Structures are given as structure tokens and as C-alpha cells.
Amino acid sequence: MTTIIPERRPEWLRVRAPKGENYQQLKQLMRGQSLHTVCEEARCPNIGECWGHKTATFMILGRVCTRSCGFCAVETGRPMGLDWEEPKRVAEAAKEMGLRHAVVTSVNRDELKDGGAAVFASTIRWIRRLNPECKVEVLTPDFKGSADALRVVMDAKPDIYNHNVETIPRLYKRVRPQAVYQRSLQVLKMAKEMYPGTRTKSGFMLGLGESWDEILEVMRDMREYDVDILTIGQYLRPSFQHLPIQRYVPLEEFAALKAEGKKLGFRHVESGPFVRSSYHAHEQADGATQE
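Rendered as C-alpha cells:
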């Protein structure tokens, strides 16, 4: 029998409502440029902190996803056509924000032959054109395992390539029903093989019913494919229509997993209840370079 824990969060998982001058300015900038952020669409708990520091993760290719992951708050349905002016607008917003490290992600666009890879590549190039000093990190879908699509992105030479495995293999059918664990690992492997000098990154959530041994096995799988940066965070249920939380992971366990990750050889491990792929992304990139 599955145990469902109460929705009331422990003290360490409570955040203040987003507010402040920088938050309001960034919200106006995104609306003025007709841009989307995963911060808003995925209801990220860090939005107040990140936007308060003028950092955000741009979400390209629209706001409607072709997949229906059990943990994700992004809308599922039939997406609209492509907006080829979007990459330039993202770059202009990044320039106006004065970003030194831009993170770009997207919805899944499985109806497109390249999964949206060309728009990713265009966004990377536009950011570099308008902001030569800005590092670019991309968090892409799996492109259904297409090496051709992945190469389009990698040929634009992002500074960091990220694709999340999200959870342990046993939970994939429930958590990521249209994804395949080994395919996600293969995408990370291909990215590293295409450009060995590019830092690769992946992450997963805790609190969905995984065991300690299963977590360590995923971490070992990542290191087998030379993933450099690992992120581990607490799953937080976006709504009652999403998967229930099985447990709140104590801070000590996050610390223990960070230590295990360092033992396994990750260049940098970000592990904590509020950690998300792009949380402190700039610091993660610096950590992977220095450590």
C-alpha cells in the first residue's frame, strides 16, 4: 500500500512569496518581450530569490508541452507554430538583465522532426552575438534520442549541456511516461562524445518513492557517462493533479548524497531541498571549473 504524506511542509521547505523591485522589473521585461520562463511555468519555489537577483531560466519553443510528466506543472497539449524571432528576444532580454550566465530550456516538441533543436542553436548564437561575455547553458529534452538533433545544439557550442534523468528507472512509467531512462543516459553520453570539452550536467528529484540504493545506482550510471555536474532536489507537488509526495527528505540525507557524489567523481554536486537544474547555475558552472 502506498503511503501518502501530509501536504504540510516542514519548516525548511517554506519560502516567502515573491516580491521586490527586481522581481517586478523582470516580470515586466518577460511580458514585454513575450517570453516564458520555466520559473513561472513550472511554479519553481526559488522564483522570488532568483528573480530578486535578476536571474531566470528562459523557456523557449512555447509554453505547451507534448509530454505529460507526472511531476511537471507545464501545460500539456498541442503546441503552436515556431516563433523564429524568439531567440533574438531571449538574447535581448539576457543583455538587458546583464547576465553573465544564461540558462535556456524548453518544453518537449515531439511533433517537430528536430524536436526544436534548431531554435536552441539559434538562441545560443543570438546570446553570444549580443552578449559575448555571457556563458550559455542549455537544458534540453531528449529529442527522442536523435543524434542529428542533438548535434545541431552541440554545434552551437553551449558552455554547459544539461539533460535531466529526473528519477530512478523503476519510477519512469509513472513519473516520465513518454521518456526512457537509458535514452536519457545515451543523450548525455552523445553530448560528451560530440564535444568532450563541454561540461555535461544532469539531475533528479527525491521524494517520489526511490530507495537509497536506487539513488546511488543512478549516480553511478551518470558517472559512467562522464557527467560533470549533478543536481539533487526535493520533489514538490505543483497541484493535487500531480504525483503525491512520498516523503520529505531530511537535510542530512541531501548532505550525505553530496558527499557520495564527490566520492564518485562529479566535478560539482548541488544537493538540497530547493535545488533545481538552474538554481545557482552560475555557481555550479564555476564549481565544476574550479573543483
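To get this note's numbering, take the position in the sequence shown, counting from 1, and add 93. Yeah, the Cβ is synthetic: ideal placement off N, Cα and C, and Gly gets one too. Small disclaimer: the values here were computed from a predicted structure and weren't measured.
Ser-199 is a Cβ neighbour of Thr-233, given a cutoff of 8 Å.
From the listed residues Ile-338, Ile-322, Gln-334, the smallest Cα separation to Tyr-328 is found for Ile-338.
DSSP, read as helix, strand or coil, puts Glu-317 in helix. Its chain contains Met-287 as the residues whose beta carbon lies nearer than 7 Å to that of Arg-244, once the 5 sequence neighbours on both sides are disregarded; these appear in chain order.
Boundaries for Gly-174: no beta strand (DSSP E) harbours it, and the DSSP string shows neither H nor E there. Measuring C-alpha to C-alpha distances from Gln-271 to each of Arg-160, Arg-156, Ile-153, Val-229 identifies Arg-160 as the nearest. Annotation: the continuous beta strand (DSSP E) that includes Thr-150 extends over 150 to 153.
For Ile-253, the three-state secondary structure derived from DSSP is strand.
Within the model, the alpha-carbon separation for Val-280 versus Gly-191 is close to 31 Å.
With a 10 Å radius around the Cβ and a threshold of 16 neighbouring Cβ atoms, Lys-206 comes out exposed.
Leu-192 carries a coil assignment under DSSP once its states are collapsed to helix, strand and coil.
Distance between Thr-216 and Pro-262, taken at the CA atoms: about 32 Å. Taking every protein chain shown into account, the CB of Pro-366 has 16 or more other CB atoms within 10 angstroms, so this residue is buried. Shortest Cα-Cα distance from Phe-151 to any of Pro-172, Lys-294, Val-212, Thr-169 involves Val-212. Here the stretch 251 to 258 makes no contact with the stretch 174 to 192; the two share fewer than three CB pairs at distances below 8 Å.
According to DSSP, residue pairing for Lys-294 in a beta bridge involves Asn-255, Ile-322. Residue environment for Arg-369: buried (at least 16 other C-beta atoms within 10 angstroms of its C-beta).
In the DSSP annotation of this structure, the continuous segment of the beta strand (DSSP E) that includes Ser-364 starts and ends at 361 to 364. Leu-357 is the residue among Leu-357, Ser-304, Leu-223 whose C-alpha sits nearest the C-alpha of Asp-319. Residue environment for Lys-266: exposed (fewer than 16 other C-beta atoms within 10 angstroms of its C-beta). DSSP, reduced to helix, strand and coil, places Lys-228 within a strand of the structure shown. Here Gly-296 is near Thr-324, since their CB atoms are less than 8 Å apart. Judged by beta-carbon spacing, Phe-164 lies within the 8 Å limit of Leu-336, meaning their Cβ atoms are closer than that value. Looking at the backbone, the Cα of Ser-364 and that of Val-196 are separated by about 19 Å. As the crow flies, the alpha-carbon of Lys-285 is around 12 Å from that of Val-246.
Taken through DSSP and simplified to helix, strand or coil, Gln-339 comes out as coil. At a Cβ-Cβ threshold of 8 Å, Asp-321 and Lys-294 count as neighbours. Listed as beta-bridge partners of Gln-271 by DSSP are no residues whatsoever. According to the DSSP assignment, Asp-241 belongs to the alpha helix (DSSP H) that extends over 240 to 247.
When secondary structure is reduced to three states using DSSP, Leu-350 falls in the helix class. Counting along the chain, Leu-223 sits inside the alpha helix (DSSP H) bounded by residues 210 to 223.
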